[in-house]
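Here the structure comes first, spelled out in structure tokens, and everything after it is commentary.
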Amino acid sequence: MLRLRSQSIPATLFLILLAVPLHAESGYNAWLRYAPLDDAAAAQYRASLPAIVVSLKNAVPEQSAQQELIRGIRGMLGRTLRIEADIPGNEPSIVLGTLDEIRRRFAITAALQPDGYWLKSTRVSGTRHIIIAGANDAGVLYGTFAFLRKIALGESIGEIDEKQSPTTAIRWVNEWNNINGTIERGYGGPSIFWENGRARADLTRVNDYGRMLASLGINGCAINNVNADAKFLGPDLIPQVARIADALRPWGVKVALAVDFGSPKTLGGLDTFDPLDPKVVAWWASKVDEVYRAIPDFGGFVLKADSEGRVGPSVYGRTHADAANVVARALKPHGGVIFYRGFVYDHQMDWRNPRNDRARAAYDNFHDLDGKFDDNVIIQIKNGPIDFQVREPASPLFGALDKTREAVELQITQEYFGQARHTVFLVPMWKETLDFDMRIRDRSTPVKSLVGAFVGVSNVGMDESWYANHMSQANLYGFGRLAWNANLSSRQIVDEWMRLTFGDDPAVLKTVVDLQLSSWRTYENYTGPLGLQTLTDIVGNHYGVAVEASERNGWGQWHKADSQGVGFDRTVATGTGFSGQYSPAVMKLYESLENCPDDLVLFLHHVPYTHRLRSGKTVIQYIYDSHYDGAEKVATYARDWSALKGRVDERRYQEVLEQLEYQAGQAVVWRDAVNNWFFKESGIADAKGRVGRHPGRVEAESMTLMDYVAKPVTPWESASGGTAVECAAGKCTASFKYDGNAGSRNLVVQYFDQLDGVSHFRVFVGDQLVDEWTAADRLPTRKVDSAASSRRIIRGLLLRKGDVVRIEGTPEGPETAALDYVEIVLRAGYSDR
Ligand code: GCW
């Protein structure tokens, strides 16, 4: 074997080792990368950090804490801490333990809430020790992560004395995973938990996910879809759930399950699931006993009943309290809780009745039951009254339950927010809900003061980066940080996340922080502003634009736009009375058109298109302008990110760039679709003359077509001119003559990429092939529609008047190599290179 000569190697080898992660980051370690600190910082920490670690307990979470500390210090400082069994008399050490253990050894203590921690530098007979004390075992773990975070962020640990306790005791995630490995509304690949009806054989990813959760202080995880399969409580699966619990336990994360209310019948073989029937009471009790025998630290259940086709207590004329309590009483002796979802509504509502209003449902279903729920029932309330839309007011139910425990449910997975293909940082939106003052009894009562638990619908998957978008990780990070301390600001959160995830190069930091902080407003601008909701295809994939999808059906997400006006009258005076579900002070704000904030005006009022907003703009002009602003802004995101080449590791640089360029293209699709729709409906022109006019655009249907056939697209607004050309032959071409001035131009090809085929495209100028690509993306549609609409930019083509541009499409499978239009422009996307 070749032996390296040791003298000259170590320094270079060390540098190479340090350099590697910069070029090959997959995002797997998210904010827990422990990237090497720069030399000066590392030297400082090395000088002040003890070389020894002592854990006062041998139990699991402390052991994880100790291992994490070693891993983190090794990564950041290139030094391996030595484990000692006991505190050394004359050498500095880092000591991990609960407050009780620390008190016994150091005779110092502090007041902490459960899960809280204390980072404390102290001296014993002149020797310095750093204490990481937890109120309980989990607190030791959280303190360790906090300590490592401080080092990663370059904060001083010299004379440290910091206490933190979480503001809410229960901080859980829900994973809408199915037993076959699919995830409802998951965009980061298949389940990390389940595969083919069983827990995955290899649960390494679950363990690593537990580590990520613990780093944020998240202490529970419901590992299956709330549209629950009763089988999860069956004798085959309980041991499987126990295996998953084993993988999460080292990180202090309790496992929980979503359950089906019909289980006593479907699974238990009873002839009823009536919550008041003694047989049903006994069934739940014995089932829960069985679960706790397998998993003694099991967290509890999540229950979606009487909603979206799930069975519930209404079958027997019972109340939600009856339903929640029968399960709660089974869990109670074991210390378990039940999260009962407030997301209960009728999805078969008559849209013709102007009094019907889905937004009222949660409050109407629950407020009369206040006081009837057992104390281990927590009503899990989505942030808004509809369903995770781009903007909603805070759910009035938060203010309607005086005697009942409440949880806020936030959606980390970006169902209505571009499904991880768009970057949208949700923390600013969540904070609006959490900080919203419900003015209960005319006193300051922000939502965050009313909720005792946080639940985030996370839906990570097997994708290396967990969500298939590096930027989306910031939403899990932000959820966890807010669940721990709802008073942190969005900027603080994103700044931390950013530095831990990408490092602290000031240019990168500024670009990403600006991008993330503006991204929600940007997304709202090019989707559904003014409280219109997302305007997406709500009866299909919840992804592409489909303005009318929410109208004239029972799902109740109506915006009620017609030729005269737009918006849903939810006032007490003339509408559905929704605004009356709030306290008088909030009602006053929402009830009158004059007081209502512009951002929610169409959520609460029906107005003519010419209504002037508080900003002075008309509603219709606001719709047009915001869509242009939004699309323009995403183009700047891609441009600004592209300027970071060489400052971010190559892989993540490329992946983020591709994502942002794609998003910039989709923002144009949204812009045109929504604006064209409202233009057609209202008949009012854009004061700035943009809507319906696209300089340099050549519709595919107006080109010279060989074998391509023009077809109408549904809904019409999802393609330019309402029409696409599709290829039914083996190969088709569409060509046109360029009649602009000579010069360098960008050529934008708007084509459709469905998920059931991989078409091939080639573009020629004259006889010269200038670009080719395959439509191999996995977009969530089989149709030629806005979700499939994709963009290819060919930059810097030197064109002359009279040049013939020819696009050749070769379809594959059911996909038809469909084309929408070509644009020849000076500027397109983020740069003119
Ligand atoms: O947002 C909607 C989703 C459903 C989901 C439901 C819920 C799990 O479109 O997929 O079902 O909410 O929260 O129960």
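Numbering (our numbering), first residue to last: 90 to 922.
The beta-carbon is built from N, C-alpha and C at its ideal position, and this holds for glycine as well.
Every value quoted in this text rests on a predicted model; they were computed, and no experiment measured them.
Contact with chain C by residue i, beta-carbon distance below 8 Å
| i | result |
| --- | --- |
| T187 | The structure shown has no chain C; it contains just one protein chain. |
Residue burial classification, residue i (beta-carbon count within 10 angstroms, cutoff 16)
| i | result |
| --- | --- |
| T803 | exposed |
| V636 | buried |
| L145 | buried |
| T187 | buried |
| N576 | exposed |
| A724 | buried |
| K376 | buried |
| G855 | exposed |
| I172 | exposed |
| L242 | exposed |
| T870 | buried |
| E504 | buried |
Cβ-Cβ distance between residue i and residue j below 8 Å
| i | j | result |
| --- | --- | --- |
| S833 | L887 | yes |
| I470 | L486 | yes |
| S807 | A753 | no |
| T822 | M795 | yes |
| L356 | L322 | yes |
| N266 | I312 | yes |
| S879 | D866 | yes |
| L185 | Y134 | no |
| A876 | Y632 | yes |
| T257 | V540 | yes |
| P924 | D204 | Nothing about residue 924 can be reported from this structure: the residues present for the chain run from 90 to 922 only. |
| V142 | I176 | no |
Under the three-state DSSP convention, the category residue i falls into
| i | result |
| --- | --- |
| F455 | helix |
| M792 | coil |
| E284 | strand |
| F853 | strand |
| F927 | The structure shown does not extend to residue 927, since the chain is modelled only from 90 to 922, so the question has no answer here. |
| H218 | strand |
| G545 | strand |
| Q437 | coil |
| W372 | helix |
| S144 | strand |
| G811 | helix |
| V634 | strand |
| P485 | helix |
| G296 | Looking at the sequence shown, residue 296 is not Gly but Asn. Helix at N296. |
| D204 | coil |
| P535 | strand |
| V377 | helix |
| T187 | strand |
| I333 | helix |
| R610 | helix |
Contact set for residue i: own chain, Cβ-Cβ below 6 Å, skip 5 residues either direction
| i | result |
| --- | --- |
| F514 | A563, Q605 and S608 |
| T522 | N472, A483 and V536 |
| M438 | N445, G643 and G645 |
| V911 | V787 and V838 |
| S95 | With a pLDDT of 35 at S95, under the threshold of 50, the predicted position of this residue should be treated as unreliable, though the coordinate-derived value follows. No residues qualify anywhere along the chain. |
| V852 | V859, D860 and I896 |
| Y429 | L392, A413, V466 and I468 |
| L93 | Summary for L93: the model assigns pLDDT 35, below 50, so the residue's position carries little reliability; its value from the coordinates is reported in the next sentence. Same-chain partners within the cutoff: there are none. |
| E251 | L208 |
Sequence-distant residues of the same chain with beta carbon closer than 8 Å to residue i, five excluded per side
| i | result |
| --- | --- |
| T665 | P443, R444, N445, D446, A448, R449, F657, D658 and R659 |
| D921 | Note that D921 scores 36 on pLDDT, short of 50, meaning its location in the model is unreliable and no value can be drawn from it. |
| P279 | G270, T271, I272, G550 and M551 |
| T361 | P353, K354, K368, V369 and Y405 |
| I427 | G389, F390, V391, L392, A413, V416, A417, L420, N465, V466 and I467 |
| V295 | I281, F282, R289, I333, A336 and L337 |
7 Å CB neighbourhood of residue i in its chain, flanking five on each side removed
| i | result |
| --- | --- |
| L111 | Note that L111 scores a pLDDT of 44, beneath 50, so its modelled location is shaky; the value from the coordinates is reported in the next line. Taken in chain order, the residues that qualify are D738. |
| L359 | P353, K368, V369 and W372 |
| N316 | E273, K393 and R399 |
Contact the segment 539–552 vs the segment 256–267: 3+ CB pairs below 8 Å: yes
Touching by the beta-carbon criterion (3+ pairs, under 8 Å), the segment 549–557 and the segment 580–587: no
Given 8 Å, three or more beta-carbon pairs between the segment 473–480 and the segment 616–629: yes
Stretch pair the segment 689–709 + the segment 766–779: three plus CB contacts closer than 8 Å: yes
The segment 210–230 / the segment 111–128 touching (three or more Cβ pairs under 8 Å): no
The segment 497–506 in contact with the segment 589–598 per 3-pair CB rule at 8 Å: no
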